[in-house]
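Numbering (full-length UniProt numbering), first residue to last: 1 to 255.
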């Protein structure tokens, strides 16, 4: 045990005549050759694990529900993150899942039998798989396209496919305004009417099927019809209407 061949670390003292112990360690060091900082001085064990020196190695004895070299991993029994019947495993440093056939992902969360897993739908479309049969996907799916897109995978832009034009407007995807509106309507999708077309004091209303809200006594899409005239025609349907007002007035006076 000369100084040049001293096997002890951290200033430990060699004991050449002691058969059971090679080194006498200073305070705060342990191990056959004083190679470890003592557990009392430096405890690497997490979650209240107990530090011990075993087989000339520093180890941790973990509390219930904790595993790993340093007791820093929750046990599979207490917290199993694996889905779809995946098997939870641990090693000294990690917790991981072994997946059943047909499943992948860190937690076996991806069903590779689900056709939507591969994201077949384009342009932000929503993939909707057919309902599974006996917990097994059939491989059938459909894509719910965003406005203006068509095709099995919503790969084609065709705004006219969804018939966006209202009130008889004609769709033309090559035009800036998309819809060519009938007289009386305007806006990108022909949903707005123009107040100037309403007659006899009627007011335009975008939210009703009839374009105009008519004043009392008037009717028709544009308030162009007088209810009084309609009543006269209904009362006395006569193709000769030159004297209809005077005839009605005379009749009323005679009653």
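Idealized CB from N, CA, C, for every residue including glycine. A quick note: this is a predicted structure, and the numbers were derived from the prediction, not measured.
Given this structure, state the Cα-to-Cα distance separating residue 257 from residue 60, to the nearest angstrom.
Given that the chain is displayed from residue 1 to residue 255, the structure contains no residue 257 and the question cannot be resolved.
Who pairs with residue 192 in a beta bridge, going by DSSP?
In the chain shown, the residue the question calls residue 192 occupies position 192. 186, per the DSSP bridge assignment.
Cβ neighbour criterion (16 or more within 10 Å) applied to residue 163
Taking the chain shown and counting its residues from 1, the one referred to as residue 163 is at position 163. For residue 163, the number of other beta carbons within 10 angstroms of its own is below 16, and it is reported as exposed.
Terminal residues of the continuous beta strand (DSSP E) containing residue 61?
For the purposes of this step, residue 61 is identified with residue 61 of the chain shown, where counting begins at 1. Its beta strand (DSSP E) spans residues 57-61.
Apart from the five residues on each side of it in sequence, which residues of its chain come closer than 8 Å, Cβ to Cβ, to residue 111?
Along the chain shown, one-based indexing puts residue 111 at 111. Here the set comprises 84, 102, 103, 117, 137.
Outcome for residue 256 when other beta-carbon atoms lying within 10 angstroms are tallied against a minimum of 16:
Because the chain is modelled from 1 through 255, residue 256 falls outside the range shown and cannot be assessed.
Taking DSSP's pairing of strands, which residues face residue 159 in a bridge?
On the chain shown, position 159 is the one that residue 159 refers to. According to DSSP, residue 159 shares a beta bridge with no other residue.
Expressed to the nearest angstrom, what Euclidean distance is found between the alpha-carbon atoms of residue 158 and residue 95?
By one-based count along the chain shown, residue 158 stands at place 158. By one-based count along the chain shown, residue 95 stands at place 95. The C-alpha of residue 158 lies about 49 Å from the C-alpha of residue 95.
Is it buried or exposed for residue 79, if we count other Cβ within 10 angstroms and need 16 for buried?
In the chain shown, residue 79 corresponds to position 79, counting from 1. Burial call: exposed.
Am I right that residue 105 and residue 71 are in contact with their C-beta atoms under 8 Å? What's the rounded C-beta distance?
The residue labelled residue 105 in the question sits at position 105 within the chain shown. The residue labelled residue 71 in the question sits at position 71 within the chain shown. Not confirmed; about 27 Å, so no contact.
Boundaries (first-last residue) of the beta strand (DSSP E) holding residue 50:
Here residue 50 is taken as the residue at index 50 of the chain shown, counted from 1. Start and end: 50-54.
Could you tell me which residues DSSP puts in a beta bridge with residue 103?
The residue you call residue 103 lines up with position 103 of the chain shown. Bridge partners of residue 103: 111.
Consult DSSP for residue 80 and reduce its assignment to one of helix, strand or coil.
What you label residue 80 is simply residue 80 of the chain shown in a count that begins at 1. Coil, per DSSP.
Beta bridge counterpart(s) of residue 65 as assigned by DSSP
As a working note, residue 65 is residue 65 in the chain shown. Beta-bridge analysis with DSSP links residue 65 to no other residue.
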